[in-house]
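Notes for the one structure printed next.
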Amino acid sequence: MDIGALRGTQALRNNVLKWMSFCLGVLATIFAFYNLLYNDFAVLGILEVFFAVFCFHTYFYTRQHYGHLWQSLTLCVFLSLLVVIGTHFGDIKNLLFIWTCALPILYYLLLGKRYGLFFSFGIAIIQGITLLSKETLVPLNSVNSLLNLSFVYISIWAVSHSFENSRAEYGKRLENLALLDPLTGAGNRLAMTHYFEVELTHKNGLFMLMLDLDYFKKINDQYGHEVGDRVLIEVTSFFRQRLNKGYVFRIGGEEFAIFLPASDPQSAFEFADMLREQLATIDYQIDEHTINVTISIGVACYMPKQTLKNFIKRADDALYQAKQQGRNRVVTAYELNISQLFCDTDKAS
Ligand SMILES: Nc1nc2c(ncn2[C@@H]2O[C@H](COP(=O)(O)OP(=O)(O)OP(=O)(O)O)[C@@H](O)[C@H]2O)c(=O)[nH]1
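According to UniProt numbering, the stretch in the sequence shown is residues 1 to 349, in order.
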């Protein structure tokens with residue numbers, strides 16, 4: 001499954017940035033000619049030339065790559081500046097201030113809710129002051145027309161805000177549905193692949209702990225499947241509470257994986273053993289039952305250019321050994337095959 005399909009925000013923002021850059025680039029070029037050649041408004045004309053160059057550069061950049069936040073910020077700030085300058089120095093009759101009403105849409109679509117709110121509020125104040133400080137507001141000189149303008153702005157802001165809010169919320173829900181195990185809330189296999197390939201860019205000092213509950217079938221058989229489910233939820237929350245950094249994934253019925261950043265194999269082993277030891281001392285009270293579970297853990301160290309499949313296999317092999325050796329223990333992959341399984345940190349020591 002393509003995880004990119006779930007990450008709609010980046011694609012949406014890039015598309016908006018691309019096409020807004022193109023449209024604004026064309027408009028800025030036309031306005032620049034008009035202001036420089038006919039309107040005698042050189043300051044605005046020159047700024048529009050710079051703006052047009054920036055827009056076209058951004059357009060061509062976003063055709064090849066995902067745009068950066070600074071490009072969206074620059075576009076929004078530059079356009080806002082042009083609108084404020086045009087409103088301040090220009091004749092009110094040319095209605096340039098009307099562009100103010102379009103700005104919240106752009107802020108929210110390009111920058112999201114937090115920036116959108118901040119910029120929409122900021123530009124409303126600045127433009128309010130700019131308009132009211134003008135010598136004449138003709139033809140906008142009645143309370144009615146000022147109220148109408150304010151209400152149009154507020155309506156556009158409210159729609160932009162609620163649209164972005166709902167869009168972000170539904171996007172997050174969709175992502176959770178696809179990436180989280182519905183029973184325990186831990187990440188699923190897809191999430192694991194995604195974190196490994198995309199999020200974990202620094203894989204030096206990365207370890208995988210493959211954890212499997214011991215004799216879990218007995219718990220199901222003795223107390224029922226529902227109690228078994230509650231044990232899985234408790235154990236997941238136990239793992240999560242013990243992890244400062246790292247990610248927990250449920251990759252099988254009673255099998256979990258953890259990506260653990262650690263400075264060396266010894267620390268990774270000690271962390272895994274601490275998990276094992278602490279879990280063994282906990283008695284879970286579920287309904288009227290007191291349940292104790294133990295885990296077997298296999299630990300593997302990431303090696304340069306290793307695939308996730310291979311990384312998992314090594315941790316899985318170590319887990320298999322832990323089960324073979326009697327369960328409730330930790331086995332490290334580097335104990336199994338010293339010649340090929342030492343990681344970088346081992347070699348260094
Ligand atoms: N309650 C519950 N049980 C599950 C779930 N997924 C898998 N199981 C059970 O987990 C048990 C796994 O059993 P086995 O693979 O034999 O492993 P085990 O009994 O833990 O034994 P070892 O792993 O060898 O120590 C089976 O009884 C499955 O039905 C789940 O989502 N909820």
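Glycine included, every Cβ here is placed at the ideal spot set by N, Cα and C. Nothing here was measured: the structure is a model prediction, and the numbers come from that model.
### Task
Run the proximity test for Y215: is its beta-carbon closer than 7 Å to any non-hydrogen atom belonging to ligand 1?
Checking the Cβ of Y215 against ligand 1 gives yes.
### Query
Buried or exposed: which applies to L94, given that a residue is buried once 16 or more other Cβ atoms fall within 10 Å of its Cβ?
The amino acid at residue 94 is misidentified as Leu; the sequence shows Asn. When all chains shown are included, N94 counts as exposed.
### Near ligand 1: K313 beta-carbon under 7 Å from a heavy atom
no
### Query
Cα separation between D346 and V331?
Bear in mind that a pLDDT of 43 at D346, under 50, signals an unreliable position, so the number given afterwards is only what the model happens to contain. Roughly 16 Å between the two C-alpha positions.
### Query
Comparing the CB of L232 with every heavy atom of ligand 1, is any distance shorter than 7 Å?
Under cutoff, so the answer is yes.
### Query
When DSSP labels each residue in this structure, what does V293 get in the three-state scheme?
coil
### Query
Between Q241, R230, E277, which lies nearest to E288 when the distance is taken from Cα to Cα?
When C-alpha distances from E288 are compared across Q241, R230, E277, the shortest belongs to R230.
### Query
So, using beta-carbon positions, are L47 and I85 closer together than 8 Å?
yes
### When A272, S162, I297 are compared against D214, the one with the closest alpha-carbon
I297
#### Entry: Exposure label - S150; buried when at least 16 CB within 10 Å
The C-beta of S150 has fewer than 16 other C-beta atoms within 10 Å across all chains shown, which makes the residue exposed.
#### Entry: Limits of the alpha helix (DSSP H) - the one that P261 falls within
First-last for P261: 255-261, but that is the beta strand (DSSP E), not the alpha helix (DSSP H).
### Query
Would you call Q325 buried or exposed, if buried means 16 or more other Cβ atoms sit within 10 Å of its Cβ?
exposed
### Task
Kindly list the residues whose CB is nearer than 6 Å to the CB of P104, restricted to its own chain and excluding five residues on each side of it in sequence; keep chain order.
S120, I156, W157, S160
### Query
Quick one: Cα of A318 to Cα of A300, how far?
8 Å
### Message
Relative to the C-alpha of K313, which candidate in M274, E270, Y334 has its C-alpha closest?
### Response
Y334
### Query
Which word fits P265, buried or exposed, when buried means at least 16 other C-beta atoms lie within 10 angstroms of its C-beta?
buried
#### Entry: Assigned secondary structure, I286 (DSSP; H/G/I helix, E/B strand, else coil)
strand
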